[in-house]
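K.L.:
Numbering-wise, numbering that gives the first Met the number 0 puts 114 at position 115 of the sequence shown, and it's gapless, one number per residue.
Ideal Cβ placement from N, Cα and C applies to all residues, glycine included.
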Amino acid sequence: MTRYEFLKSAGFSGAALMALLTSCVREDDKYVNALTVTPDNTTTGTATTAGTVTTAVSGIITTEELNKITSTKAKIDLTSTTYAKLKTVGGYMIVSNIVIALSKANTYIAATVTCSHEPKKQMIYYNNEWYCTAHGARFSLTGAGLNGNARAGLKVYKVATDGKTLVVY
Ligand code: FES
């Protein structure tokens, strides 16, 4: 049922109906404006869903696109031997309290190292899931809990790379 149909069914007509419709449109405009998609595809505003996770997986983008990303949480030089583990599918490393893994070719993922069950920093990437070695909480790559200890979900981050530099944001 549209707003117009609802107001009509509630007995409003004529000038009163028009006044209500006009005020309703303004309310809608405010609501839409509150959900602003920023250039890095995050959503700001008040209308959020509990437990929402952002897209964790991304492939190769251009260096120009990579440089547009702001608010980075970690930046890694993939050409450095320090991060050699991130060159092998299934490999992961912990950088700045973030677990970063190469889940498949050209696809990096990232999540907080801190578990949501208890604040233990024991998250790893294992068997194509996020796994806490403390009590066995298992999370999907998008942070959804897969067992009881994981019911609160896991914070995951967006990742982008141009093949040389990897950015977690
Ligand atoms: S602290 Fe991670 S499963 Fe308990």
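For the beta strand (DSSP E) containing T111, name the first residue and the last one.
P.N.:
T111 -> beta strand (DSSP E) spans T106 to T111.
K.L.:
Can you tell me which of the three DSSP states G144 falls into?
P.N.:
In the structure shown, G144 sits in a strand (DSSP, three-state: E or B).
K.L.:
Ignoring anything shorter than 4 residues, give me the alpha helix (DSSP H) runs that lie fully in the stretch 61-118, in order along the chain.
P.N.:
Within the stretch 61-118, the complete alpha helix (DSSP H) runs of at least 4 residues are 62-66.
K.L.:
Could you name the residues whose beta carbon sits closer than 5 Å to any heavy atom belonging to the ligand FES, keeping them in chain order?
P.N.:
In chain order, the hits are C114, H116, E117, K119, C131, A133, H134, A136 and N148.
K.L.:
Closest to K72 by C-alpha separation, out of K154, K163 and G162, would be which residue?
P.N.:
If we check each option's Cα against that of K72, K154 comes out closest.
K.L.:
For N148 and H134, I'd like the C-alpha separation in whole angstroms.
P.N.:
Roughly 7 Å separates the two Cα atoms.
K.L.:
Exposed or buried, what is A83 when buried is set at 16 or more other beta-carbons lying within 10 Å of its beta-carbon?
P.N.:
Burial call: exposed.
K.L.:
Closest to Y125 by C-alpha separation, out of V112, E117 and H116, would be which residue?
P.N.:
When only C-alpha atoms are compared, the closest one is V112.
K.L.:
For the beta strand (DSSP E) that L165 lies in, which residues bound it at each end?
P.N.:
Per DSSP, L165 belongs to the beta strand (DSSP E) from T164 to V167.
K.L.:
For T69, count neighbouring C-beta atoms within 10 Å of its own C-beta (all shown protein chains included) and say buried if the count is 16 or more, exposed if not.
P.N.:
Answer is exposed; the Cβ neighbour count stays below 16.
K.L.:
Give me the Cα-Cα distance between Y130 and I123, rounded to the nearest whole angstrom.
P.N.:
In a straight line, the C-alpha of Y130 is about 5 Å away from that of I123.
K.L.:
Pull up the distance between the alpha-carbon of N40 and that of Y107, whole angstroms please.
P.N.:
Reliability of the predicted coordinates at N40 is poor, the pLDDT of 36 falling under 50, and no value is obtained from them.
K.L.:
Would you kindly work out how many angstroms separate the C-alpha atoms of R150 and A136, rounded to a whole number?
P.N.:
Looking at the two C-alpha atoms, the distance is approximately 8 Å.
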